[in-house]
Amino acid sequence: MSPAECSPSPANSLPAVATVPAGDPWRSHTVRIEGIVEEIPGVQTYDLRFLDQEVAGRYRFLPGQFNMLHLPGIGEAAISISSDPANPQQLAHTVRAVGNVTDALARLHPGDTLMLRGPFGRPWPVAESTGRDLVLVAGGLGLASQRAAIRELARRRAEYASVTVVHGAKEPSGLLYTHEYREWKAAGVVVRTIVDGLPQGTATTENAAGDAAMWDGRVGLVTDLVNELTMLSDRTTLLCCGPDPMMTAVAHAALRHDVPAEQVFVSLERNMACAVRHCGLCQFGPVFVCQDGPVFSFAAIEPYLSIPHL
Amino acid sequence: MHAEKRPQSKPRLAVYKFASCDGCQLQLLDACGRLLELAERVEIAQFLEASSRVDPGPYDVGIVEGSISTAEDRERIQQVRRDCRFLVTIGACATSGGIQALRNWGQIDEFVASVYASPATIDALATSTPIADHVPVDFELRGCPVDPGQLLDLITSLLLGRRPRVPSESVCAECKRRGTVCVAVAQGIPCLGPVTQAGCGAICPAHDRECFGCYGPAEATNLVSLTTFYEKRGTPRERLTKLVRGINGYAPAFREESDRLESADSMRARP
Amino acid sequence: MHADDRVVQDTDPLRPTQGRGGPAVGSWVWLPTETLQPLIDVLRTDGMRVIGPQVADGAVVYRDLAEAGDLPVGWIDEQDGGHYRLQHDPEAGFFDHVVGPHSLKNFLFPARETIGHFLREDGTWRQVEDLPEEPPLAVIGVRGCDLAGLAIQDRVFLGGEAVDPGYHRRRESLFLVAVNCRRAAATCFCHSTGCGPAASAGFDLCLTEFPGRFACEVGSERGAAVLAKLQEKVPLIACTDSERAAAAEQSERLEQAMHARQRVAGEPAPRSLNTEGIRDLLYDNLEHPRWEEVATRCLSCTNCTLVCPTCFCSSVSEVADLSGDAVQRERHWASCFTLDHARMHGTSVRSSTASRYRQWLTHKLAGWIDQFGTSGCTGCGRCITWCPVGIDITEEVAAIRATSPHDEGA
Numbered sequence: 001m002s003p004a005e006c007s008p009s010p011a012n013s014l015p016a017v018a019t020v021p022a023g024d025p026w027r028s029h030t031v032r033i034e035g036i037v038e039e040i041p042g043v044q045t046y047d048l049r050f051l052d053q054e055v056a057g058r059y060r061f062l063p064g065q066f067n068m069l070h071l072p073g074i075g076e077a078a079i080s081i082s083s084d085p086a087n088p089q090q091l092a093h094t095v096r097a098v099g100n101v102t103d104a105l106a107r108l109h110p111g112d113t114l115m116l117r118g119p120f121g122r123p124w125p126v127a128e129s130t131g132r133d134l135v136l137v138a139g140g141l142g143l144a145s146q147r148a149a150i151r152e153l154a155r156r157r158a159e160y161a162s163v164t165v166v167h168g169a170k171e172p173s174g175l176l177y178t179h180e181y182r183e184w185k186a187a188g189v190v191v192r193t194i195v196d197g198l199p200q201g202t203a204t205t206e207n208a209a210g211d212a213a214m215w216d217g218r219v220g221l222v223t224d225l226v227n228e229l230t231m232l233s234d235r236t237t238l239l240c241c242g243p244d245p246m247m248t249a250v251a252h253a254a255l256r257h258d259v260p261a262e263q264v265f266v267s268l269e270r271n272m273a274c275a276v277r278h279c280g281l282c283q284f285g286p287v288f289v290c291q292d293g294p295v296f297s298f299a300a301i302e303p304y305l306s307i308p309h310l
Numbered sequence: 001m002h003a004e005k006r007p008q009s010k011p012r013l014a015v016y017k018f019a020s021c022d023g024c025q026l027q028l029l030d031a032c033g034r035l036l037e038l039a040e041r042v043e044i045a046q047f048l049e050a051s052s053r054v055d056p057g058p059y060d061v062g063i064v065e066g067s068i069s070t071a072e073d074r075e076r077i078q079q080v081r082r083d084c085r086f087l088v089t090i091g092a093c094a095t096s097g098g099i100q101a102l103r104n105w106g107q108i109d110e111f112v113a114s115v116y117a118s119p120a121t122i123d124a125l126a127t128s129t130p131i132a133d134h135v136p137v138d139f140e141l142r143g144c145p146v147d148p149g150q151l152l153d154l155i156t157s158l159l160l161g162r163r164p165r166v167p168s169e170s171v172c173a174e175c176k177r178r179g180t181v182c183v184a185v186a187q188g189i190p191c192l193g194p195v196t197q198a199g200c201g202a203i204c205p206a207h208d209r210e211c212f213g214c215y216g217p218a219e220a221t222n223l224v225s226l227t228t229f230y231e232k233r234g235t236p237r238e239r240l241t242k243l244v245r246g247i248n249g250y251a252p253a254f255r256e257e258s259d260r261l262e263s264a265d266s267m268r269a270r271p
Numbered sequence: 001m002h003a004d005d006r007v008v009q010d011t012d013p014l015r016p017t018q019g020r021g022g023p024a025v026g027s028w029v030w031l032p033t034e035t036l037q038p039l040i041d042v043l044r045t046d047g048m049r050v051i052g053p054q055v056a057d058g059a060v061v062y063r064d065l066a067e068a069g070d071l072p073v074g075w076i077d078e079q080d081g082g083h084y085r086l087q088h089d090p091e092a093g094f095f096d097h098v099v100g101p102h103s104l105k106n107f108l109f110p111a112r113e114t115i116g117h118f119l120r121e122d123g124t125w126r127q128v129e130d131l132p133e134e135p136p137l138a139v140i141g142v143r144g145c146d147l148a149g150l151a152i153q154d155r156v157f158l159g160g161e162a163v164d165p166g167y168h169r170r171r172e173s174l175f176l177v178a179v180n181c182r183r184a185a186a187t188c189f190c191h192s193t194g195c196g197p198a199a200s201a202g203f204d205l206c207l208t209e210f211p212g213r214f215a216c217e218v219g220s221e222r223g224a225a226v227l228a229k230l231q232e233k234v235p236l237i238a239c240t241d242s243e244r245a246a247a248a249e250q251s252e253r254l255e256q257a258m259h260a261r262q263r264v265a266g267e268p269a270p271r272s273l274n275t276e277g278i279r280d281l282l283y284d285n286l287e288h289p290r291w292e293e294v295a296t297r298c299l300s301c302t303n304c305t306l307v308c309p310t311c312f313c314s315s316v317s318e319v320a321d322l323s324g325d326a327v328q329r330e331r332h333w334a335s336c337f338t339l340d341h342a343r344m345h346g347t348s349v350r351s352s353t354a355s356r357y358r359q360w361l362t363h364k365l366a367g368w369i370d371q372f373g374t375s376g377c378t379g380c381g382r383c384i385t386w387c388p389v390g391i392d393i394t395e396e397v398a399a400i401r402a403t404s405p406h407d408e409g410a
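The structure is reproduced here in structure tokens:
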């Protein structure tokens, strides 16, 4: 049976792309850790290189896709790719040590090897959105899934009307990739940040004491910033990644600006073992998050996001 | 992988026995025939079942068999906890109080008087309780006895720094994977498999008899529904109470259900 | 049935052995019951592992079959919610049992399977190519619902962008001897799903049982080639048109009786499932109170999912030696009834039994249609029989339909 005979998932209107590498879906490739950067406490970015040059030569990915990182003997985890798609041989993954695989990953050192399968999943609709105002909204580590898109948009900035990144974190120390904002801004990307709160004793503009840890930015919810944006209903595309309730809130904020639900995209996270629609673990209503997503249009996925424990 | 980076002394392991039959320790001796291989990877500093030599603590990993059933044990477990960085309890006794916890439903004095010739020499607590009731436990391995494969996997996991692969599903999943025909459905035998945690490999149903819950309650389950169905199908309530109040009878989910069955039984028996 | 029958043929790229003579595809021959043994022998001589139904541990199960005498001749099965009993019936033929707890899934998508080997040498991991060779499988006695289940799993493992290598390998060389049911158990509802009781497509040979002999339909070139070899041992007689009609009529009679929900040969009437608009019915009722009600009975024990011939969920374990330098990845059956299935960051997305039962039933009967263009249910009734407390999928759907605020009176 050809894939065309399979009914396309109704819960996505994104264009068809190769969401699975060719050949044996269980075949993985050795990668070596080239470098590890601690982004924020407990969150590292791993710079990975394929050992096999032939594999490296044909590997391509799109922003928003993910790899399965496999530590033999420990387990495998789906991690979005955070590096520039223009340079697919240098893969970066930003990971928080929160579980079996990610804890073990955090104990590795440059020079160590692991296995990698990918890339998988539907990407952010970056290529489809030229000429539009792009708004990327990320809560916490959600920015890792958007960094590939931001890098691509910064490079191709002239092809888009505007590019705005809205990043929220629990507190200032949770903001990701802060050392890159200058570069993004220089390329014409608007970067706005907000934090839920400040740790006790943080200096602010109100009680400034010349402290290096001073926070002169916004305190509030990421939706506060989204609400302040000028979003034109006929030219805005919003991409959102974060916890499910945050994405729902941001999407509704966009809808209140009359951005059509078809132009609001969210990236879901679910447990998965195979990444190719075979293991069934990532099912969410009628979709497989691994391959029908992880990026979904809010129009398609909203009916299911609103059902508890689905 | 990190283990290769920094050559280090082997992790030190201590094995302790409390109120128990030693069967779980024997599973460690068995260790799927890989005890010697294990000894190359860990320093077995205390394991009286295997050697009378005891090297002093502290230890990286303490493996505890048995329940707390005497005042002396109640004190001793505190020192064990202090001596061990990572404390693992193994077996039904250590994790739920064991078969000896049946006394928790009776009178200790009556048991002692009827069993021992000189009851005065017996100094036992009125209850047999799991280790976790007395000290914090880092990991529990269920079973009566524990499965040597699971025990080995636990130690491997500690060595590799990963989460141990202990299933939380029911015994039914193991029956179905090995192709065993369900004894409850095909023979009408009341079986605790549907409400019992997997891990044994579903040995009993594969030998044509019921699961009697020696791995304790499964993570998400519904004992009332199962016993109600068995009762409707003709199993007397007294028999169901005994089935649930067995080796892991004092595990909270099983305890609650046997108490419910018993109280409903006594209510029904009332004129 | 929902599944397009062509699917089975299209995903079954078997190379025919031609030019050996023997009956042609589409023709019918008589196989006296004594030819079952030579048939098994021909398959085994061809290097196949032959599987067939046998009585073991109080049920008819699929096992390796060398002797035709091990087939369950004279046995029938009484089935109901949480109930299965074998009964001896001197009138019963070789295949008058219905379906047992095993299905083709046990062989095509085995409960445990090694999917990769990894070695670390000089600190560098690599994947090793050394997956075991398996003999081709021949299965005797599969039913219409079994074939439908196979066609559905074909869509899952072969029909998408990714092809499962192990399933593909086993499926390519699979040889199927189907049987048309003469009986329906009280748990059967294949007439509702369009999957039976007759085996309509996807087999190499198909048997309709008559006293002392089988009318055998040739379904494929491979089936024809096997009969050609059988013919070298025993003479085969072609069925006449009226004999073929009699065979077809036998299946039609049973199907009509099932539709009428009549008692068949003194047995309780089969179940039925109204599949009309079932996808929307279930999606419209994701918050129906029935999910909470069934949760008071459901054990979350996973039996329904594991006996289901189409349920395909799996998980992967890492099996390492003590050094951690040699690792096997093992895929095993998983179930949406476990908390591990939807566990994220330490907690399950579907923490309640109600949400897990809803996941299973809505996926089986609704989500599957979106995902694979077919229902996931074949009407085999295994989930009803092998549920330890007899929860009945047809009853649950009927209860939701009867009280659906969106579908009143349907």
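Line by line, the protein sequences give chains A, B and C.
Quick note: the first sequence uses my numbering, first residue 1, plus one each step.
Quick note: the second sequence uses my numbering, first residue 1, plus one each step.
Quick note: the third sequence uses my numbering, first residue 1, plus one each step.
Yeah, the Cβ is synthetic: ideal placement off N, Cα and C, and Gly gets one too.
Query, Result
"Sorted by chain position, which residues of the same chain lie with C-beta nearer than 6 angstroms to Arg-12 of chain B's C-beta, five sequence neighbours on each side aside?", "Glu-43, Ala-45, Tyr-59, Asp-60"
"Do you know whose CA, among C:Val-73, C:Phe-214, C:Phe-95, C:Gly-52, lies nearest Ala-138 of chain C's CA?", "C:Gly-52"
"Does Pro-15 of chain A get closer than 7 angstroms to chain C when you measure Cβ to Cβ?", "Because the pLDDT at Pro-15 of chain A is just 48, under 50, the model does not fix this residue reliably, and the value given afterwards should be weighed accordingly. So no, Pro-15 of chain A is outside the interface."
"From what residue to what residue does the beta strand (DSSP E) around Ala-169 of chain A run?", "162 to 169"
"Take Asp-420 of chain C and list the residues in its own chain whose beta-carbon comes closer than 8 angstroms to its own, dropping the five residues that flank it on each side.", "Residue 420 of chain C lies beyond the range of chain C shown here (1 to 410); nothing can be said about it."
"If we ignore side chains and look at the alpha-carbon of each, how far apart do Pro-165 of chain C and Ala-71 of chain B end up?", "60 angstroms"
"Per DSSP, Tyr-317 of chain A is paired with what?", "Coverage of chain A is limited to positions 1 through 310, which leaves residue 317 of chain A absent and any answer about it impossible."
"Taking 7 angstroms as the CB-CB limit, is Ile-117 of chain A close to chain C?", "Checking the sequence, you will find Arg at residue 117 of chain A rather than Ile. Judged by the 7 angstroms Cβ criterion, Arg-117 of chain A is not in contact with chain C."
"Using a Cβ-Cβ cutoff of less than 6 angstroms, which residues in the same chain neighbour Ala-398 of chain C once the five nearest sequence positions on both sides are dropped?", "none"
"At a Cβ threshold of 7 angstroms, is Leu-160 of chain B touching chain A?", "yes"
"For Ile-36 of chain A, would you say it is in contact with chain B, using Cβ-to-Cβ distances shorter than 7 angstroms as the test?", "no"
"Return the first residue and the last residue of the beta strand (DSSP E) that Glu-209 of chain C is part of.", "205 to 210"
"Does the Cβ-Cβ distance between Gly-168 of chain A and Ile-194 of chain A come in under 7 angstroms?", "yes"
"Let me see if you follow: with CB-CB separation under 7 angstroms, is His-67 of chain A close to chain B or not?", "Before going further, note that residue 67 of chain A is Asn rather than His in the sequence given. It does not: the Cβ of Asn-67 of chain A has no partner Cβ on chain B nearer than 7 angstroms."
"Would Phe-95 of chain C pass as an interface residue toward chain A - the criterion being a Cβ-Cβ separation below 7 angstroms?", "no"
"For a minimum of 3 consecutive residues, which ranges assigned as the beta strand (DSSP E) are wholly contained in the segment 46 to 123 of chain A?", "66 to 71, 75 to 80, 91 to 96, 113 to 120"
"Is the number of C-beta pairs between the segment 261 to 278 of chain A and the segment 149 to 160 of chain A that are closer than 8 angstroms three or more?", "no"
"Can you find a C-beta in chain A that's less than 7 angstroms from the C-beta of Gly-116 of chain C?", "yes"
"Could you check whether the segment 82 to 91 of chain B touches the segment 12 to 32 of chain B, counting it as contact only if at least three pairs of C-beta atoms, one from each stretch, sit closer than 8 angstroms?", "yes"
"Answer with yes or no whether the minimum CB distance from Thr-305 of chain C to chain A is below 7 angstroms.", "no"
"So Ser-225 of chain B packs on Leu-299 of chain C, CB below 8 angstroms; how close in whole Å?", "6 angstroms"
"Taking the CB atoms as reference points, tell me whether Leu-105 of chain A and Leu-48 of chain A lie closer together than 7 angstroms.", "no"
"Between which two residues does the beta strand (DSSP E) carrying Gly-139 of chain A extend?", "133 to 139"
"From the beta carbon of Met-1 of chain B, is the nearest beta carbon of chain A less than 7 angstroms away?", "The pLDDT assigned to Met-1 of chain B is 39, lower than 50, so where the model puts this residue is not dependable, and the model offers no usable value."
"Out of B:Ser-67, B:Glu-75, B:Cys-84, which has the shortest C-alpha to C-alpha gap to Gly-57 of chain B?", "B:Cys-84"
"So Gly-64 of chain A packs on Val-222 of chain A, CB below 8 angstroms; how close in whole Å?", "Their Cβ separation, rounded to whole angstroms, is 19 angstroms, which puts Gly-64 of chain A and Val-222 of chain A out of contact at 8 angstroms."
"Which chain C residues are close to Ala-251 of chain B, counting only those with a beta carbon under 8 angstroms from its beta carbon?", "Within chain C, no residue comes near Ala-251 of chain B; the closest Cβ sits about 17 angstroms away, beyond 8 angstroms."
"Based on the DSSP secondary-structure assignment, which residues constitute the bridge partners of His-29 of chain A?", "A:Leu-116"
"If we count the other Cβ atoms within 10 Å of its Cβ and call it buried at 16 or more, is Gln-303 of chain B buried or exposed?", "Because chain B is modelled from 1 through 271, residue 303 of chain B falls outside the range shown and cannot be assessed."
"With 16 as the cutoff for other CB atoms within 10 Å, does Thr-296 of chain C come out buried or exposed?", "exposed"
"Kindly say whether Arg-82 of chain B, judged by its beta-carbon, lies nearer than 7 angstroms to any beta-carbon of chain A.", "no"
"Note down the Cα distance separating Asp-5 of chain C from Asp-146 of chain C, rounded to an integer number of angstroms.", "The predicted position of Asp-5 of chain C is uncertain, since its pLDDT is 39 and thus under 50; no value can be drawn from it."
"Can you check whether the CB of Gly-143 of chain B is closer than 7 angstroms to the CB of Gly-193 of chain B?", "no"
"Spatial neighbours of Asp-392 of chain C within its chain, please: CB distance less than 6 angstroms, with the 5 preceding and 5 following residues excluded, ordered by chain position.", "Gly-81, Ile-384"
"Below 9 angstroms between beta carbons is the criterion; list the residues of the segment 147 to 160 of chain C that meet it against any residue of chain A, in chain order.", "Asp-154, Arg-155, Val-156, Phe-157, Leu-158, Gly-159, Gly-160"
"The beta strand (DSSP E) spanning Phe-296 of chain A covers which residue range?", "295 to 297"
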